[in-house]
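Visitor:
Numbering (full-length UniProt numbering), first residue to last: 1 to 183.
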């Protein structure tokens, strides 16, 4: 259900096609929420049926027609109600990498270290992408009021990646120290 509010939030900034919403979602929300493009399109159809958004078909000559969505007052009202009335609940952490790490006792220490090195590389790559995106959208950490949410969440994503990298270094050190004591 939160996907609905993410899409309404994007549409509150400006009208967009499903494709554009998918791209914006990937650029601005991927570090804290995931959705497949089929989920996005399915949710847009539902929201249109509920009159939270409307769409207009734009006919194109050299390209397929496109559907541009915009938020309706009812959708904006629902978005604000959700935003302001939602209780803050216990964070839900569902991380495949940590699940694998929890089973490290089943594999040799060198294999565990190699896994962590790969995880560190992936998070370093993600951190680089996030820094580039943030620098291009918020040069010198300057932003407009309407960009506050994106600015804050992009910083969270950056810090999340940095934390993973630092944690991998720590975990590698723990494994290597444990391994050297056993020899």
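Ideal placement from N, C-alpha and C gives every residue a C-beta, glycine not left out.
#1: I'd like to know whether the C-beta atoms of residue 57 and residue 65 end up nearer to each other than 8 angstroms.
#2: For residue 28, collect the residues of the same chain with a Cβ closer than 6 angstroms to its Cβ; drop the 5 residues on either side in sequence, then sort them by chain order.
#3: What is the C-beta distance between residue 161 and residue 127, in whole angstroms, given that I count them as a contact (C-beta under 8 angstroms)?
#4: Would you mind reading off the limits of the beta strand (DSSP E) that contains residue 69?
#5: Between residue 68 and residue 34, which are expected to be in contact by the criterion C-beta below 8 angstroms, what is the C-beta distance as a whole number of angstroms?
#6: Of all the options 84, 91, 118, 85, which has the alpha carbon lying nearest to the alpha carbon of residue 100?
#7: Which ranges does the alpha helix (DSSP H) cover as unbroken runs of at least 4 residues, wholly within the region 25–98, from first to last along the chain?
#8: Below 8 angstroms, how does it come out for the region 164–176 and the region 37–51: are there three or more Cβ pairs, yes or no?
#9: Are the beta-carbon atoms belonging to residue 113 and residue 172 less than 8 angstroms from one another?
#10: Name the DSSP beta bridge partners of residue 208, please?
#11: Kindly list the residues whose CB is nearer than 6 angstroms to the CB of residue 197, restricted to its own chain and excluding five residues on each side of it in sequence; keep chain order.
#12: Could you pull out every residue in the same chain whose Cβ sits closer than 6 angstroms to the Cβ of residue 109, ignoring the five residues on either side in sequence?
#13: Using a Cβ-Cβ cutoff of less than 7 angstroms, which residues in the same chain neighbour residue 5 once the five nearest sequence positions on both sides are dropped?
Guide: Looking at the coordinates:
#1: Here residue 57 refers to the residue found at position 57 of the chain shown. Here residue 65 refers to the residue found at position 65 of the chain shown. Taking 8 angstroms as the Cβ cut-off, residue 57 and residue 65 qualify as a contacting pair.
#2: The sequence position of residue 28 within the chain shown is 28, counting from 1. Listed in chain order, the non-local C-beta contacts of residue 28 below 6 angstroms within the same chain comprise 150, local neighbours out to five positions each way being set aside.
#3: Translated into positions along the chain shown, residue 161 becomes position 161. Translated into positions along the chain shown, residue 127 becomes position 127. Indeed they touch by this definition, with Cβ atoms about 4 angstroms apart.
#4: Looking up residue 69 in the chain shown gives position 69. Where residue 69 is concerned, the enclosing beta strand (DSSP E) stretches over 66–71.
#5: By one-based count along the chain shown, residue 68 stands at place 68. By one-based count along the chain shown, residue 34 stands at place 34. A Cβ-Cβ separation of about 24 angstroms leaves residue 68 out of contact with residue 34 under the 8 angstroms criterion.
#6: Walking along the chain shown from the start, residue 100 turns up at place 100. Of the listed residues, the one whose Cα sits closest to residue 100 is 118.
#7: The DSSP assignment places complete alpha helix (DSSP H) segments of no fewer than 4 residues inside the region 25–98 at 37–49, 73–85, in order along the chain.
#8: Flag = no, the region 164–176 and the region 37–51 do not touch.
#9: What you label residue 113 is simply residue 113 of the chain shown in a count that begins at 1. What you label residue 172 is simply residue 172 of the chain shown in a count that begins at 1. Yes, these two residues count as a Cβ contact at 8 angstroms.
#10: With the chain represented from 1 up to 183, any question about residue 208 goes unanswered, as that position is not in the structure.
#11: Past the edges of the chain, shown from 1 to 183, lies residue 197, and the structure says nothing about it.
#12: Position 109 of the chain shown, counted from the start, is the residue given in the question as residue 109. Here residue 109 has 175, 179 as same chain residues with Cβ atoms under 6 angstroms from its own Cβ, once five neighbours each way along the sequence are excluded.
#13: Numbered from 1 along the chain shown, position 5 holds the residue referred to as residue 5. If you ignore the 5 residues before and after residue 5, its C-beta comes within less than 7 angstroms of the C-beta of 79, 82, all in its own chain and listed in chain order.
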